[in-house]
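Some notes on the structure that comes next.
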Amino acid sequence: MESLLSPENLFTLLMLIALQAVLGFDNLLYISIESGRVPEAYQRRVRWIGIGLAIILRLVLMVVVLGLINSLTQPLFDIQIERVFVASFTFHALVSILGGGFIMYTAVKEIMHLLAVEHVENLDKQHTKSVPVAIATIVFVNLIFSFDSLLSAIALTHVVWVIAAAIIISGVMMIVLADQVSIFLKKNRMFEVIGLFILFIVGVLLITEGGHLAHMELFTFKVEAMSKASFYFVIFVMVIVSIVQTRYRNKLEALRAKELGDAAH
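When the sequence shown is numbered by the numbering used here, its final residue is 271 and no position is left out of the sequence of numbers.
Rendered as structure tokens:
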């Protein structure tokens with residue numbers, strides 16, 4: 007018991023919780039947006055059930071990954087089209103590429119949905135998904151996000167209880183924060199748009215990472231993984247530009263209103 011609660015294991019646990027919190031931001035954003043596509047009375051239930059099932063499946067995935075850790079990085083099949091397309095796909099690479107593609111597709115579809123709505127005030131009334139579909143989608147995307155974080159956790163430690171505790175604690179944190187994030191997005195529509203574009207970039211990040219893992223080459227150019235530093239820098243720039251643009255637009259609207267008022271007098 008003392009070895010299980012050793013300072014090394016406790017420090018690793020804290021590191022994994024912090025890692026899960028950072029990597030879970032995109033996941034939490036997706037959950038909040040996805041749950042907003044069901045009737046309001048069911049949104050909290052969708053978030054809680056989706057995250058709860060995701061925690062359980064994460065624990066199952068942890069056991070599977072620990073058992074198959076060596077085979078996950080072994081080539082499954084190769085594609086060789088000289089000077090056009092070259093790749094050696096592993097299971098990890100396929101999960102990253104397919105998962106990233108699905109997230110990009112979802113983000114583009116939701117952006118198109120926002121553009122198709124004639125009246126923004128009616129957006130909440132246009133529920134596009136049923137409760138079971140929303141829960142299943144949340145669980146599926148959660149597992150995609152979990153895969154990389156699990157491999158990162160296993161790289162730090164093979165102590166099962168440490169990884170399991172980090173998964174459960176981070177899951178509880180997501181349940182606690184999910185409602186607050188959803189409320190914030192409802193009150194600040196512009197951040198929902200930013201959130202969708204962030205998810206799009208997450209998809210790009212996963213696809214490039216999968217291409218890098220598969221040693222992919224397109225027309226003799228190697229596919230390099232998008233760095234985490236570049237990813238967070240892009241997000242930072244997007245948020246700053248959106249905030250500045252919103253303040254500038256509000257200032258212009260206030261000036262126009264004042265000019266109209268002066269003209270009326």
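Using N, Cα and C, we set each Cβ at its ideal position, and we do this for glycine too.
Asked, Found
"Cβ neighbour criterion (16 or more within 10 Å) applied to Asp84", "exposed"
"Helix, strand or coil at Glu230 according to DSSP, with G and I counted as helix", "coil"
"Cβ contact (3+ pairs, closer than 8 Å) linking the region 158-175 and the region 68-77", "yes"
"Beta-bridge pairing of Gln186 - partner residues as DSSP gives them", "DSSP output for Gln186 lists no bridge partner at all."
"Residue closest to Phe237, alpha-carbon to alpha-carbon, out of Val250, Thr226, Leu211", "Leu211"
"Residue burial classification, Phe153 (beta-carbon count within 10 angstroms, cutoff 16)", "buried"
"Distance between beta carbons of Val166 and Asn15, contact taken as under 8 Å", "About 11 Å; that fails the 8 Å criterion."
"Collapsed DSSP secondary structure at Glu259 in the structure displayed", "helix"
"For Leu20 and Leu156, believed in contact at Cβ under 8 Å, the rounded distance", "No, Leu156 and Leu20 are not in contact; Cβ-Cβ is about 17 Å, not under 8 Å."
"Environment of Lys264 [buried if 16+ CB atoms lie within 10 Å]", "exposed"
"DSSP state of Thr96 mapped onto helix, strand, coil", "strand"
"Where Leu22 falls: helix, strand or coil (DSSP)", "helix"
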